[in-house]
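So the structure is just underneath, and the comments pick up after that.
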Amino acid sequence: TQKQRKSIISQIAAGKPCLVVGTHALFQNDVAYPKLGLVVVDEQHRFGVQQRLALRDKGVLRASQPHQLIMTATPIPRTLAMTVYADLDVSVLDELPPNRRPPRTAVIPDARRNEVIERIALVCANSRQVYWVCPLIDESDFLEATAATDTLILLNEALPQLRIALIHGRMSEKEKSAIMHSFSTNKLDLLVAT
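Our numbering applies: residue 1354 is where the sequence shown begins, and numbers increase by one.
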């Protein structure tokens, strides 16, 4: 209820709980953390870049930013780049669940984008599915990266025969669930995601 939410928010602001577990509600503007020391983000790929930064920045009332632990089974390109170019330590859990085939991952330069699009057409013609991950939802003045909205337009033009959808962190949970259900039930061929 709204009354319970207000009570929890005031307890967090007073620094009473030493551990707060929650969802996207944790980085809303009305939630303040006086002594935020550690942020743990599970299923990191389900949060947008701005959302993760907003949660991390909740700790700037202290002299230093809080530590971050980011967990994901499916690292996004931005995270992979951060492991190489930024101050991000990596721990790898390399055991797969029983009967699970290992994923194949490849980084392909933008100059070969048309080859990738042709490969997608072939893969989808064989009743398989593809997802295309972008680091941003919309174009940015600060980051030089292709946005998901622009990629959706490009792929719809290049692959009009495919059923393509877009999913990102600004969508409601209901919208995201409907899109993921469509993808998991093979009603979509290609999913553009952040």
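Idealized CB from N, CA, C, for every residue including glycine.
Note that this is a predicted model, so its numbers are computed, not measured.
What do you reckon, are the CB atoms on L1519 and V1486 nearer than 8 angstroms?
Taking 8 angstroms as the cut-off, the beta carbon of L1519 is found no closer than this to the beta carbon of V1486.
Might you give, ordered along the chain, the residues of its own chain that have their beta carbon closer than 6 angstroms to the beta carbon of A1366, omitting 5 neighbours on each side?
Excluding residues within five positions, the ones whose Cβ falls inside 6 angstroms are A1385.
For H1420, count the other beta carbons within 10 Å of its own beta carbon; 16 or more makes it buried, fewer makes it exposed. Which is it?
The residue in question, H1420, is exposed, as its Cβ has fewer than 16 Cβ neighbours within 10 Å.
Can you tell which of L1541, Q1357 and R1465 has the C-alpha that lies nearest to the C-alpha of N1509?
It is L1541.
Contact between the stretch 1511 to 1529 and the stretch 1464 to 1474 (3+ Cβ pairs under 8 angstroms):
Yes, the stretch 1511 to 1529 touches the stretch 1464 to 1474.
So the beta strand (DSSP E) H1534 belongs to, where does it begin and stop?
Annotation: H1534 is outside any beta strand (DSSP E); the continuous alpha helix (DSSP H) that includes it extends over E1526 to S1537.
Assigned exposure category for T1458 - 16 Cβ within 10 Å defines buried:
Burial is judged here by how many other beta carbons sit within 10 angstroms of a residue's own beta carbon; T1458 has fewer than 16 and is exposed.
In the DSSP assignment, the alpha helix (DSSP H) including L1507 goes from what residue to what residue?
A1501 to A1511 is the span of the alpha helix (DSSP H), which, as asked, contains L1507.
Whose C-beta lies closer than 6 angstroms to the C-beta of S1622 among residues of the same chain, with five residues either side of it excluded?
No statement about residue 1622 is possible, as the shown extent of the chain runs from 1354 to 1547 and does not include it.
In whole angstroms, what is the alpha-carbon distance linking P1387 and T1425?
Their Cα atoms are separated by approximately 27 angstroms.
Any alpha helix (DSSP H) of 4 or more consecutive residues that is wholly inside the stretch 1436 to 1500
As far as the stretch 1436 to 1500 is concerned, its whole alpha helix (DSSP H) runs of at least 4 residues are 1466 to 1478.
What's the call for I1490, buried or exposed, on a 16-neighbour Cβ count within 10 Å?
Buried is the call here.
By the 10 Å Cβ neighbour count, where 16 or more other Cβ atoms means buried, how is V1460 classified, buried or exposed?
By the neighbour-count rule (16 or more Cβ atoms within 10 Å), V1460 is not buried but exposed.
Using beta-carbon positions only, say whether L1543 and V1483 come within less than 8 angstroms of one another.
Against a cut-off of 8 angstroms, the Cβ pair of V1483 and L1543 comes out as a contact.
Endpoints, the alpha helix (DSSP H) within which Q1421 is located:
Here Q1421 belongs to no alpha helix (DSSP H); instead the beta strand (DSSP E) covers H1420 to I1423.
For the candidate residues L1515, R1516 and M1533, whose alpha-carbon lies nearest to that of G1522?
Comparing Cα-Cα distances from G1522 to each of L1515, R1516 and M1533, the minimum goes to M1533.
I'd like to know whether the C-beta atoms of R1409 and V1392 end up nearer to each other than 8 angstroms.
Judged by beta-carbon spacing, V1392 lies within the 8 angstroms limit of R1409, meaning their Cβ atoms are closer than that value.
What does DSSP give as the partner residue(s) for I1517 in the beta ladder?
Here I1517 is bridged, per DSSP, to L1543.
Any idea what DSSP makes of L1372, helix, strand or coil?
Three-state DSSP puts L1372 in coil, outside helix and strand.
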